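Chemist: Numbering (this note's numbering), first residue to last: 1 to 441.
Yeah, the Cβ is synthetic: ideal placement off N, Cα and C, and Gly gets one too.
Since we're looking at a predicted model, the values are computed, not measured.
Below you'll find the structure I mean.
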Ligand SMILES: [Zn+2]
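Pasting the structure below:
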């Protein structure tokens with residue numbers, strides 16, 4: 001296949017680096033970005049448990065449950081599907097470092113077979129602070145914990161999926177650690193299945209359901225164990241969700257809804273043809289019928305729209321692996337090219353990629369100042385690899401740090417983007433080389 005229009009390998013490498021900017025914990029200064037250091041080293045102390053680690057959610061520093069778990073499972077899935085490309089481009093060590101930081105945190109959160117902590121920090125208190133995470137002194141309550149009285153099947157299902165994927169991705173690196181992950185994945189799955197309920201977030205990430213995350217967890221346990229009881233469970237979850245003969249799915253894989261991944265994997269591993277019909281209808285809907293901006297962007301939401309389109313590109317590329325139908329790959333290439341510069345603004349929406357990109361992503365650590373800069377004062381650091389929310393429905397983008405609906409970045413935004421860029425690198429970037437990160441920062 002011919003080389004594409006952009007250095008996908010470079011966009012791919014930078015998209016992984018973004019996670020080092022959002023790294024939380026005592027070791028946040030031990031990665032590649034010299035401007036990051038230890039932060040939030042007392043997380044969990046109010047609950048007498050060590051909950052340091054994990055990742056800041058977005059331009060803020062809360063560790064929310066659903067987006068954290070979704071990001072981890074989606075990144076793990078990206079690695080699982082495109083491992084060769086991570087290795088070939090020298091990104092496997094960086095990606096595994098990030099994935100292990102997620103699962104180290106989840107193993108701390110998962111206190112016993114019916115207890116899993118899932119939110120550190122309060123959205124309102126945290127958002128009132130502007131400044132580097134290293135200097136933050138506002139309180140960080142251990143706000144939400146799943147237990148028998150207050151279950152959170154959505155978050156626990158997604159964490160289980162992330163841990164199963166870590167088993168698959170890490171068993172050849174460190175089998176002991178991988179085994180720890182799979183034991184926790186099974187226990188969390190059983191807990192989430194037996195005690196059903198929705199997670200909380202203080203209104204910032206309101207969950208709409210848990211059947212999808214339970215099925216997502218079941219799928220990865222089935223992949224690990226080949227045990228048909230998981231497939232039986234999945235069929236029952238699907239029935240509970242009302243998915244029997246046919247189901248019209250026009251959304252995409254995201255922090256609240258992992259049915260995109262569920263349908264796609266079931267299309268690849270289940271004997272039931274219905275899942276193939278559903279995912280192909282979903283992809284065709286995105287290709288032919290979804291709202292499209294004049295500049296060609298598939299657009300389903302006004303808040304951080306690129307995250308959805310990037311995730312749909314990842315689905316299209318993973319489905320291309322087994323369908324070999326070029327229309328799916330062409331769709332993804334068109335959309336990713338838009339994000340990297342083929343758009344009416346003639347700019348890249350990935351910070352630090354190309355010649356023109358957002359200079360004011362809504363991100364406290366990159367800003368580096370003690371109050372939000374509104375006078376054109378540059379941010380102190382370049383937030384390499386962060387995918388901003390993106391343009392409005394008319395392809396316009398204001399490079400404004402306060403316009404967080406469009407200019408913010410987030411760990412969930414970048415997760416589908418990493419997967420999509422891994423696929424683009426695999427199919428179009430065989431001869432491409434990422435820029436040398438150490439020379440940039
Ligand atoms: Zn932190």
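(1) DSSP three-state call for residue 87: helix, strand or coil?
(2) Can at least three beta-carbon pairs, one atom from the stretch 68-78 and one from the stretch 160-178, be found at a separation below 8 Å?
(3) For residue 55, list the residues DSSP reports as bridge partners.
(4) Closer than 7 Å by C-beta to residue 197: which residues in its own chain qualify, once you throw out the five before and the five after it? Chain order, please.
(5) Spatial neighbours of residue 291 within its chain, please: C-beta separation below 8 Å, excluding the five flanking residues on both sides.
(6) Please name the residue in 408, 85, 57 whose C-alpha comes closest to that of residue 428.
(7) Can you give the Cα-Cα distance for residue 8 and residue 46, rounded to whole angstroms?
(8) Could you spell out where the alpha helix (DSSP H) holding residue 112 opens and where it closes?
(9) Looking only at C-alpha atoms, which of 178, 177, 213, 201 sits nearest to residue 191?
(10) I believe residue 121 touches residue 370 by the beta-carbon criterion, under 8 Å. Please report the beta-carbon distance rounded to the nearest angstrom.
(11) For residue 61, is the beta carbon positioned less than 7 Å from some heavy atom of ligand 1?
(12) Have a look at residue 395 and residue 194 and give me their C-alpha separation to the nearest angstrom.
(13) Compare the Cα-Cα distances from residue 61 to each of 309, 41, 72 and report the closest residue.
(14) Measure the CB-CB distance between residue 262 and residue 215 and report whether it falls below 8 Å.
(15) So residue 44 and residue 119 are supposed to be a Cβ contact under 8 Å. How far apart are they, rounded?
(16) For a test of your reading of the model: does the CB of residue 56 fall under 7 Å from any non-hydrogen atom of ligand 1? Yes or no.
(17) Tell me the DSSP secondary structure of residue 402 in three-state form.
(18) Considering just the uninterrupted stretch of the beta strand (DSSP E) at residue 291, what are its terminal residues?
(19) Thinking C-beta only, is residue 346 closer than 8 Å to residue 356?
(20) Under 7 Å: does the beta carbon of residue 21 sit that close to some heavy atom of ligand 1?
(21) In chain order, what residues have a CB nearer than 5 Å to some heavy atom of ligand 1?
(22) Spatial neighbours of residue 207 within its chain, please: CB distance less than 7 Å, with the 5 preceding and 5 following residues excluded, ordered by chain position.
(23) Between which two residues does the beta strand (DSSP E) holding residue 145 run?
(24) Among residues of its own chain, excluding the 5 on either side of residue 89, which ones have a beta-carbon nearer than 7 Å to its beta-carbon?
(25) Is the Cβ-Cβ distance between residue 170 and residue 178 less than 8 Å?
(26) Using a Cβ-Cβ cut-off of 8 Å (strictly less than) and excluding sequence neighbours within five positions of residue 377, which residues of its own chain qualify?
(27) Under 8 Å, with one C-beta from each stretch per pair, do the stretch 17-34 and the stretch 276-285 reach the 3-pair mark?
(28) What do you reckon, are the CB atoms on residue 310 and residue 416 nearer than 8 Å?
(29) Going by alpha carbons, who is nearest to residue 235 out of 218, 388, 156?
(30) In this structure, what does DSSP give as the bridge partners for residue 350?
(31) So the candidates are 282, 15, 397; which of them puts its Cα closest to the Cα of residue 304?
(32) For residue 204, which residues of its own chain have a beta-carbon under 6 Å away from its beta-carbon, when the five flanking residues on both sides are left out?
(33) Reducing DSSP to helix, strand and coil, say where residue 374 ends up.
(34) Apart from the five residues on each side of it in sequence, which residues of its chain come closer than 7 Å, Cβ to Cβ, to residue 340?
(35) Measuring only the C-alpha atoms, how far is residue 183 from residue 366?
(36) For residue 147 and residue 283, I'd like the C-alpha separation in whole angstroms.
Modeler: According to the data block:
(1) helix
(2) yes
(3) 23
(4) 150, 151, 152, 153
(5) 298, 299, 300, 393
(6) 85
(7) 44 Å
(8) First-last for residue 112: 110-112, but that is the beta strand (DSSP E), not the alpha helix (DSSP H).
(9) 213
(10) At roughly 19 Å, the Cβ-Cβ gap does not stay under 8 Å, so residue 121 and residue 370 are not in contact.
(11) yes
(12) 46 Å
(13) 41
(14) yes
(15) No, residue 44 and residue 119 are not in contact; Cβ-Cβ is about 11 Å, not under 8 Å.
(16) yes
(17) coil
(18) It is not in any beta strand (DSSP E) - residue 291 carries neither H nor E in the DSSP assignment.
(19) yes
(20) no
(21) 24, 39, 40, 133
(22) 66, 154, 198, 199, 256
(23) 142-146
(24) 9, 12, 13, 425, 434
(25) yes
(26) 369
(27) no
(28) yes
(29) 218
(30) 387
(31) 397
(32) 123
(33) coil
(34) 6, 11, 348, 350, 353, 354
(35) 37 Å
(36) 37 Å
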